[in-house]
Amino acid sequence: MTLICVCFIGMLLRSSIYHPFLTLALSIILSPSNSVQNMVEGVESVIGRRGFSVIWNIPTSWCKHRYGVSLPLRQFNIIHNSKQRFQGQNMSIFYQRRLGLYPYINRQGSKVNGGLPQLGSLNAHLSLAEMQISDVLRKTFRGLAVLDWEAWQPVWMWNFGTGIVYRKFSKKLVRWKHPDMSEEEVKSEAKAEFELAARTFMEETLRLGVRLCPEGLWGFYGFPSCYNNHGQGQSGYTGQCHNGTEILNDNLAFLWQHTTALYPSIYLWRKLAGHTHAQLMVRHRVLEALRVASQHSPGTEALPVFPYTRVAFTHTLAFLNRTDLEHTLGESAALGATGVVLWGELSFAKSKRQCVLLRDYISSVLGEYVSSLQIGVRNCSKRMCSAQGRCARRDPHSGSHWRSEVVDGVAEHLTVRECVRCRSLIESTEWSSISVRSRSLTRTNAGGGEGVDFMITPTTDRQRIKT
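Residues -35 to -1, 1 to 432 (mature numbering (1 follows the signal peptide of the UniProt record, and there is no 0)) are what the sequence shown spells out, left to right.
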């Protein structure tokens, strides 16, 4: 193992009839006099001094208040909102139907808020979104702020499957405006109009969020994308992102310039339970996010990366075991991510029995793994980076993980006798070498020999995130 230290008021309109100003007026009339802002106090950064943060984004308040089942999140250093809701003082997620006037086409084919980005009212959207964000978050908010818009993608070709309807209606709109255009001209114009409007909606919404809460970690769920699902579970799967993904993500530079954190998705399908393909899938998604974070940061420090994962397999309540956690949380930590977000729906708190199952899972498998993982990350940062950097693999494909059973920083199978090279993320400035005698990371070479070359990258993560 070779390592390197590195309130939208509900859904107001579902019909195809578009009334942005009526929607805005209704939101003002129906806004409660006692702002929800009172429940979200300004707090110190949710990252604090943890080397690897695990953030709870599951609405489990029913477990305690309805069923009397307390979840031991604090015991295992899992960051959570005080009321365990989607929105709170440490973590707030804004869904497409609960932030502004997001234009989309619903499952019934009806156009909501104009349906297409190019038919939406940006000004009305931003006016409503500003009120909703201000109702939920204080200006001093320093937690994670995630925008979850999944109906369409800002890149034309990424709208496939159910998303192809946006291509269809965009071309139909151009044909209506320009009946004399050829099919190629229609497609080109539709693509240009759609991507410009999509870009504007995303860019301006991010700018608004950052302006209202400048210390918040703002970003879109699922970005950057990788599109490496094809072939999972089949022979020859490498986990590499789809051809051309890097170029397309680079073309989203406008988005990264206004983003203050990245939230790629690393959810596991059940067919990947215990499978090494899960590790490959996660690895390449996180690596692409880290590449974007480094190359497209608007400042001198790389953007923090928080992969979104689940405590259960996608569309199930079947919990991940230790191997699956290693493939998701462990892989993310080993590559140098700032932390992970654990997401889940209300079904995790749908009954007392489910709450008890969740509590027992946290008390055993999840909690124990998170604790040992965080200890390993902190020890490596403290002992090898002078608490000024985050450890990560030099060779991202080595497959090695932190030895979770190592607590005191002494390797079980390996004593490192080499110097540690450190380089800064800031313009690749080299740090002085640090002598290392023994450390807490282990590996065995393919040939059975021992040898480790560490590189340590200081991770300021936009200054407010500390290792």
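Note that the Cβ used here is the ideal one computed from N, Cα and C, for glycine as well.
Whole-Å CB distance - residue i paired with residue j, under 8 Å assumed
i	j	result
Asn22	Phe51	7 Å
Thr288	Arg235	The pair is not a contact, with the Cβ atoms about 14 Å apart (cut-off 8 Å).
Val335	Phe284	With 8 Å as the limit, Val335 and Phe284 do not qualify as a contact, their Cβ atoms being about 13 Å apart.
Val306	Ile20	5 Å
Leu64	Gln118	Actually they are not in contact, since the Cβ atoms of Leu64 and Gln118 sit about 17 Å apart, beyond 8 Å.
Leu227	Pro24	That belief does not hold up - the Cβ atoms of Leu227 and Pro24 are roughly 23 Å apart, past 8 Å.
Trp114	Glu160	15 Å between Cβ atoms; not a contact.
Tyr202	Ser230	About 18 Å separates the two Cβ atoms, so there is no contact after all.
Ala238	Phe278	7 Å
Gly184	Val111	6 Å
Trp27	Ala314	4 Å
Lys133	Val151	Contact doesn't hold; Cβ gap of about 11 Å is too wide.
For residue i, the residue or residues it bridges with in DSSP
i	result
Thr274	Leu307
Val77	Tyr69
Asn22	Trp308
Phe185	Leu112
Ile340	None; Ile340 has no bridge partner.
Phe59	Leu112
Asn52	Note that residue 52 is Gln in the sequence shown here, rather than Asn. Bridge partners of Gln52: Ser57.
Nearest to residue i (by Cα), restricted to the options the options
i	options	result
Tyr67	Thr25, Ala116, Met96, Gln73	Ala116
Gln339	Ser351, Leu294, Lys104, Phe313	Leu294
Ser99	Asp113, Gln319, Gln54, Asn194	Gln54
residue 434	Glu180, Tyr32, Asp145	Any answer about residue 434 is impossible in this case: the structure gives the chain only from -35 up to 432.
Ile212	Tyr228, Asp113, Ser190	Ser190
Phe17	Gly354, His362, Ser363, Arg359	Gly354
Ser254	Phe188, Pro24, Pro82	Residue 254 is actually Ala in this sequence, not Ser. Of the listed residues, the one whose Cα sits closest to Ala254 is Phe188.
Gly80	Tyr131, Asn286, Gln199	Tyr131
Pro263	Thr225, Thr25, Glu310	Thr225
Leu102	Leu182, Ile231, Ser75	Leu182
Ala243	Tyr186, Thr210, Asn193	Asn193
Arg107	Cys206, Lys29, Asn216, Asn46	Asn46
Ala258	Ala277, Asn214, Asn286, Leu87	Asn214
Asp360	His240, Glu149, Leu252, Phe134	Leu252
Leu84	Trp27, Ser26, Thr165	Thr165
Gly128	Leu91, Ser363, Gly74	Gly74
Met56	Leu109, Pro269, Gly364	Leu109
Ser86	Tyr60, Ala163, Asn124	Ala163
Gln199	Val342, Met146, Thr241, Ala357	Thr241
Tyr69	Pro82, Phe59, Ile58	Pro82
Asn303	Asp325, Asn88, Lys137, Arg343	A small fix is needed here, since residue 303 is Thr in this sequence, not Asn. It is Arg343.
residue 433	Leu233, Arg275, Lys137	Lying before the first or after the last residue shown, residue 433 is absent from the chain, which here runs from -35 to 432.
Tyr273	Arg256, Leu233, Asn286	Leu233
Glu333	Lys29, Glu291, His143, Arg31	Glu291
Cys356	Gly364, Met146, Ser363, Cys345	Cys345
Arg31	Leu91, Ser316, Tyr60	Ser316
Gly126	Trp141, Arg72, Glu149, Leu138	Arg72
heavy atom of the ligand GDP below 7 Å from residue i C-beta
i	result
Arg318	For the structure depicted, the ligand GDP is absent and the ligand set is empty, with no information on it obtainable.
*asked:* Within 8 Å, do at least three Cβ pairs link the stretch 156 to 171 to the stretch 212 to 220?
replied: yes
*Should the stretch 238 to 250 be called in touch with the stretch 288 to 302, which here means at least 3 C-beta pairs below 8 Å?*
yes
_List, from N- to C-terminal side, the beta strand (DSSP E) runs of 3 residues or more that fit wholly inside the stretch 285 to 335._
304 to 308
*Within the stretch 87 to 165, note down every full alpha helix (DSSP H) run reaching 4 residues or more, in order along the chain.*
87 to 101, 129 to 142
*Is the stretch 24 to 39 in contact with the stretch 316 to 327, if contact means three or more CB pairs nearer than 8 Å?*
yes
*Evaluate the contact criterion for the stretch 178 to 195 versus the stretch 144 to 155: three or more CB pairs, one atom per stretch, below 8 Å.*
no
*Segments of 3+ residues assigned as beta strand (DSSP E) that fall wholly inside the stretch 201 to 250*: none
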